[in-house]
Amino acid sequence: MVVKPPEPDDEAPAGEPRTDPSTTLAGWRHFVDADPATFYLLPDDRWQALDGAQRDAYDEARIAYHSELQVVRTSTVKEIAHQGRLLTLLNQREHGARRGLIVSGEWTTGKTTALKQLARLHELRVRQRYPGSDRIPVVYITAPPRGSPRKLAMEFARFLGLPLITPRHNTTDVTSAVCQVLIEARTDLVLVDEIHLMNHATIAGEELSDHLKYFTEHLPATFVYAGINVEHSGLFAGIRGSQLAGRCVLLRTGPFPLNAEWRSLVASLEGTLRLHQHEPGTLVRLSKYLHQRTGGMIGSLSHLIRAAAVTAILDGSERITRSVLTTIRIDHSSESTQPGQSTPRRSAG
Numbered sequence: 001m002v003v004k005p006p007e008p009d010d011e012a013p014a015g016e017p018r019t020d021p022s023t024t025l026a027g028w029r030h031f032v033d034a035d036p037a038t039f040y041l042l043p044d045d046r047w048q049a050l051d052g053a054q055r056d057a058y059d060e061a062r063i064a065y066h067s068e069l070q071v072v073r074t075s076t077v078k079e080i081a082h083q084g085r086l087l088t089l090l091n092q093r094e095h096g097a098r099r100g101l102i103v104s105g106e107w108t109t110g111k112t113t114a115l116k117q118l119a120r121l122h123e124l125r126v127r128q129r130y131p132g133s134d135r136i137p138v139v140y141i142t143a144p145p146r147g148s149p150r151k152l153a154m155e156f157a158r159f160l161g162l163p164l165i166t167p168r169h170n171t172t173d174v175t176s177a178v179c180q181v182l183i184e185a186r187t188d189l190v191l192v193d194e195i196h197l198m199n200h201a202t203i204a205g206e207e208l209s210d211h212l213k214y215f216t217e218h219l220p221a222t223f224v225y226a227g228i229n230v231e232h233s234g235l236f237a238g239i240r241g242s243q244l245a246g247r248c249v250l251l252r253t254g255p256f257p258l259n260a261e262w263r264s265l266v267a268s269l270e271g272t273l274r275l276h277q278h279e280p281g282t283l284v285r286l287s288k289y290l291h292q293r294t295g296g297m298i299g300s301l302s303h304l305i306r307a308a309a310v311t312a313i314l315d316g317s318e319r320i321t322r323s324v325l326t327t328i329r330i331d332h333s334s335e336s337t338q339p340g341q342s343t344p345r346r347s348a349g
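For the sequence shown, the positions run 1 to 349 when full-length UniProt numbering is used.
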C-alpha cells in the first residue's frame, strides 16, 4: 500500500474499507496481494505550508501508515521460511505420511507473522509458475476453541467459502466436500494457527487430533502449525502426541537477546518512521532501554515504536525520545517483568 502525501488542494482521504480476515480465501488473497506500506514525507517547506484541513489529512495518512505492521526479516522469519519451503519440496512426491512443521513460542514472538510470510512467499512462487491458474495453493485456518471435528471441518469450509452448510450435513459430508475442493484446487500448504488449543490429554483434543490427522492423510499438502508453548500445552501427550512429534520438525521462537541482531532490528523499525523532526539513530542508541521495556519481544517492540510514532504526530513533537517512550503503555506481560517499573503515565501536558 502506497500512501502519498496530499496535494494542497486534496481533501481528506476516506477511510479504507475493512478487509476480510486472513482465515477466508478473499482475506488471504488480499493479504498476499498487498504491497508493503510506504509513505513519502513532504519537504519541510511544503509541510509547513499546509493549512488546517490539509495538515489533518496528511497526519491521518501518516497515522494509517504507522498503524500497519512492518514485517522485518529476522533470523526467525528466515529460518521458518527455509524449513517450510524445504518440507514442501520434500513432500511434493511423498505418498505416505508427510512431514510437517510446528512453530512454538511465547506470545508476541512473531509466530503468526513468520507463518504467514512463509505461506505468502509459497503462494507467490506458485502463481509465478502457473500464471492465470485457479489454484488455491495455501489454506490458513485457526484451531477452533473448544474444538470438535465438525468445527475443524467448518473452519476449512469457511475459508473456502463453500455454500451454507446446514445441521443436516454431518461431519463426514463437510469433510468430504472440503477434501474434494482442496484436492481439485491443488492446495499444497495448510497453515493451522493456535494449535495449542488442541490438548491430547482430553477426549475433545483426541477427537480433534484424529480429524486433523484425517486431513493430513487425505490431502497432498504440507501442514504447518503454530501455537503458544505447545510443548507444555498437551499437544505431545499420549500416543497421538508422540505420533505428531515423530512427523514434525519443531522450531521455537522467543525473545531476542541484546546483541547485534537486536540493534539491527531496532534500526530497521526506526527506518520505517515518517516523522519530520526525528533524529536518525535515536532508537538505536536506546537499544538497551528498548530491550528492557519489551523483554526482547518483537511484537512488543513493534507496538511500542509504532505507538510512539503516532503519539509524536498527535502531540506535534514529530520525534521519538526516551521521555516519549516512557509514556507508552505496552502489553501487561512486558510491563510486569520490568524490575522496579510501574505502569507508565502520560503527563497532563
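C-beta atoms are modelled at their ideal positions from N, C-alpha and C, and glycine is treated no differently.
As the structure is a prediction and not an experimental result, all values here were calculated from the model.
In the DSSP annotation of this structure, Val103 is not part of any alpha helix (DSSP H); the continuous beta strand (DSSP E) holding it starts and ends at 100-105.
Exposed is the label assigned to Leu89, since fewer than 16 other Cβ atoms lie within 10 Å of its Cβ.
Around the beta carbon of Ala26, fewer than 16 other beta carbons lie within 10 angstroms, which makes this residue exposed. With a cutoff of 8 Å on beta-carbon distance, Gly100 and Val77 are scored as not near each other. The region 157-177 makes no contact with the region 191-200; the number of CB pairs closer than 8 Å stays below 3. A direct Cα-to-Cα measurement between Leu115 and Asp56 gives close to 36 Å. When the Cα atoms are used, Gly281 and Thr74 turn out to be separated by approximately 19 Å. Listed as beta-bridge partners of Leu191 by DSSP are Tyr140, Val224. Shortest Cα-Cα distance from Ile63 to any of Ile80, Leu41, Leu283 involves Leu41. Pairing Ala309 with Pro163, the inter-Cα distance amounts to about 44 Å. Cβ atoms of His291 and Gly238 stay farther apart than 8 Å, at about 39 Å. Contiguous beta strand (DSSP E) elements confined to the region 220-297 occur at 222-228, 248-253, taking only those with 3 or more residues.
Using a Cβ distance threshold of 8 Å, Met297 and Thr108 count as a contacting pair. Minimum Cα-Cα distance from Leu283 among the listed residues Glu270, Arg274, Leu275 corresponds to Glu270.
For the options Phe215, Gly205, Ser104, the alpha carbon positioned closest to that of Ala157 is the one of Phe215. For Leu325, the CB contacts under 6 Å within the same chain, skipping 5 residues up- and downstream, are Ala308 in chain order.
In this structure, the straight-line span from the alpha carbon of Val139 to that of Ala226 is close to 14 Å. For the set Leu50, Ser302, Leu235, the Cα lying nearest the Cα of Thr202 is the one of Leu235. Here the region 243-263 does not lie against the region 136-153, with fewer than 3 beta-carbon pairs under 8 Å apart. For Ile136 against Ala97, the beta-carbon gap comes to about 23 Å, at or over 8 Å, which does not count as contact. Within a 10 Å sphere around the beta-carbon of Arg129 sit fewer than 16 other beta-carbons, which makes this residue exposed.
Residue environment for Leu304: buried (at least 16 other C-beta atoms within 10 angstroms of its C-beta).
Cβ contact annotation for Pro255 (same chain, cutoff 6 Å, sequence separation greater than five): Gly295, Gly296, Met297, in chain order. Here Thr327 carries a coil assignment [DSSP, helix/strand/coil].
Separation of the CB atoms of Leu118 and Val224 is rounded to 7 Å, and the pair is thereby assigned contact status at 8 Å. For the options Gly84, Leu152, Ile102, the alpha carbon positioned closest to that of Ile228 is the one of Ile102.
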